[in-house]
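Engineer: One structure, as structure tokens, below. Some questions next.
In our numbering, the protein residues as written are 1 to 356.
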């Protein structure tokens, strides 16, 4: 039997297989409230051992994109219960990804009176979609004060507790892809002069304080983190290679000290093999690799032992029955990218299945 399909057991995670559904923004949360259509989507994909949800805002100012869900209101907690109840019927574990978009946002996508914030008052290059006024330039974010940072951290803690109330098995802290936590990590975006800026230790402080506080609140075994070393997503210019590696070694060492359940690494071609090896050395918990994996490549990676679990994004997007297709060696549906972020069921819950 393929290792990918065998049970996985660690100190923090006990899963029916090594197959993870990666977090993917799908923009179906009308009014930023999770709904029955989303529950159907996740339930269709419960062949995964672990599902990590789409990025979900811990606080109102974290809602950078149109129609992404939150976890800061009673309505959102109740809405997410539809998904957790449906997914748990097939012995699948589900973690909620907490994603504060920071400067990658626009006021047209936020509740009235809420501002786009960031580590510093440095705008990202490019534009983003809004439902009301179309494509818009990224604005200059309001730089969080030291006290504001503490409030945001408190928001993550409350959101994690709300996730537990909604029935999730844990949360994943999104510290990748140019969103708020990574904005603090990257010196091209973080020009702060307080305790959250300057040195590697200071720039990593926000990530580590969020991780520690959330772990204290809901249990370290229920907290994972996603990172993307050497990524330039979200207009993050790659910085000095040695400093980048040192940053992620420091983070991994501290995440290990906190005792997080896993580190989920978004692999890109710019990540040196030695950085991945250093993370593996420093972190004793579960390592998840994600990006461009086929079933065959995933099997090879698991047998090498560098990663413990493999996450699939696009393959799960287009193949609700991915687990069974892997078992039978069946051909995969191709994703329709024109419907990735549109409202409604088309390109979301209507992909053909071979196995029910």
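Where a beta carbon is used, it is the ideal one built from N, C-alpha and C, also for glycine. No experiment lies behind these values; they were computed from the predicted model shown.
Where does the unbroken beta strand (DSSP E) through residue 345 begin, and where does it stop?
Structural biologist: Run containing residue 345: none; DSSP gives neither H nor E here.
Engineer: Should residue 254 be labelled buried (16 or more other beta-carbon atoms within 10 Å of its own) or exposed?
Structural biologist: buried
Engineer: Candidates 22, 10, 28: which alpha carbon is nearest residue 347's?
Structural biologist: 28
Engineer: Go ahead and label residue 177 buried or exposed: buried means 16 or more other beta carbons lie within 10 angstroms of its beta carbon, across all protein chains shown.
Structural biologist: The residue in question, residue 177, is buried, as its Cβ has 16 or more Cβ neighbours within 10 Å.
Engineer: Mind reading off the beta-carbon distance from residue 87 to residue 52? Whole number of angstroms is fine, and I expect it under 8 Å.
Structural biologist: Residue 87 to residue 52, Cβ: 11 Å. No contact.
Engineer: Does any C-beta atom of chain D lie closer than 7 Å to the C-beta of residue 95?
Structural biologist: Of the protein chains in this structure there is only one, and it is not chain D.
Engineer: Along the alpha helix (DSSP H) that carries residue 157, what are the first and last residues, could you check?
Structural biologist: 146-165
Engineer: Quick one, are the C-beta atoms of residue 318 and residue 341 less than 7 Å apart?
Structural biologist: no
Engineer: If you scan the region 155-227 from start to end, which runs of the alpha helix (DSSP H) of 4 or more residues do you find wholly inside it?
Structural biologist: Taking only runs of at least 4 residues, the alpha helix (DSSP H) segments lying wholly in the region 155-227 are 180-185, 200-218.
Engineer: On a Cα-Cα basis, can you pick out the residue from 100, 207, 92, 42 that is closest to residue 70?
Structural biologist: 100
Engineer: Rounded to the nearest angstrom, how far is the Cβ of residue 30 from that of residue 67, given a contact under 8 Å?
Structural biologist: 6 Å
Engineer: In the DSSP output, what is residue 51 paired with across the bridge?
Structural biologist: 21, 94
Engineer: Can you check DSSP and say which residues form a bridge with residue 15?
Structural biologist: Its beta-bridge partners are 8.
Engineer: Taking residue 108 as the reference, which of 124, 139, 247, 210 has the closest Cα?
Structural biologist: 139
Engineer: Would you decide whether residue 115 is buried or exposed? Buried here means 16 or more other CB atoms lie within 10 Å of its CB.
Structural biologist: exposed
Engineer: List the endpoints of the continuous alpha helix (DSSP H) containing residue 289.
Structural biologist: Careful: residue 289 lies outside any alpha helix (DSSP H), inside the beta strand (DSSP E) at 286-290.
Engineer: Given this structure, state the Cα-to-Cα distance separating residue 221 from residue 41, to the nearest angstrom.
Structural biologist: When rounded, the distance between both Cα atoms is 26 Å.
Engineer: In whole angstroms, what separates the C-alpha of residue 120 from that of residue 198?
Structural biologist: 12 Å
Engineer: Could you say if the region 300-309 and the region 321-330 meet the contact criterion of at least three C-beta pairs nearer than 8 Å?
Structural biologist: Result no; under three Cβ-Cβ pairs closer than 8 Å.
Engineer: Taking a contact to mean a Cβ-Cβ separation below 7 Å, would you say residue 166 touches residue 214 in this structure?
Structural biologist: no
Engineer: Could you tell me whether the Cβ atoms of residue 95 and residue 147 are closer together than 7 Å?
Structural biologist: no
Engineer: Helix, strand or coil for residue 56? Go by DSSP, reduced to three states.
Structural biologist: strand
Engineer: Using C-beta distances below 8 Å, list every residue in its chain close to residue 130, excluding the 5 sequence neighbours before and after it, in chain order.
Structural biologist: 66, 106, 108, 109, 136
Engineer: Short check: CB of residue 265 to CB of residue 218, under 7 Å?
Structural biologist: no
Engineer: When you compare each of 190, 280, 279 to residue 237 by their alpha carbons, which one comes out closest?
Structural biologist: 190
Engineer: In terms of alpha-carbon separation, which member of 44, 262, 287, 268 lies closest to residue 306?
Structural biologist: 287
Engineer: Please report the residue range of the alpha helix (DSSP H) in which residue 239 lies.
Structural biologist: Counting along the chain, residue 239 falls outside any alpha helix (DSSP H), and DSSP gives it neither H nor E.
Engineer: So what does DSSP say about residue 120, is it helix, strand or coil?
Structural biologist: It is coil, neither helix nor strand.
Engineer: Exposed or buried, what is residue 257 when buried is set at 16 or more other beta-carbons lying within 10 Å of its beta-carbon?
Structural biologist: Flag for residue 257 reads exposed.
Engineer: Considering only the beta carbon of each residue, do residue 19 and residue 39 sit closer than 7 Å?
Structural biologist: Taking 7 Å as the Cβ cut-off, residue 19 and residue 39 do not qualify as a contacting pair.
Engineer: Per DSSP, residue 130 is paired with what?
Structural biologist: 134
Engineer: Could you tell me whether the Cβ atoms of residue 262 and residue 285 are closer together than 7 Å?
Structural biologist: yes
Engineer: Taking the straight line between their C-alpha atoms, what separation do you get for residue 267 and residue 277?
Structural biologist: Each residue's CA atom was taken as its position, placing residue 267 and residue 277 some 13 Å apart.
Engineer: How would you call residue 22, buried or exposed, if buried means at least 16 neighbouring beta carbons within 10 angstroms?
Structural biologist: Residue 22 comes out buried.
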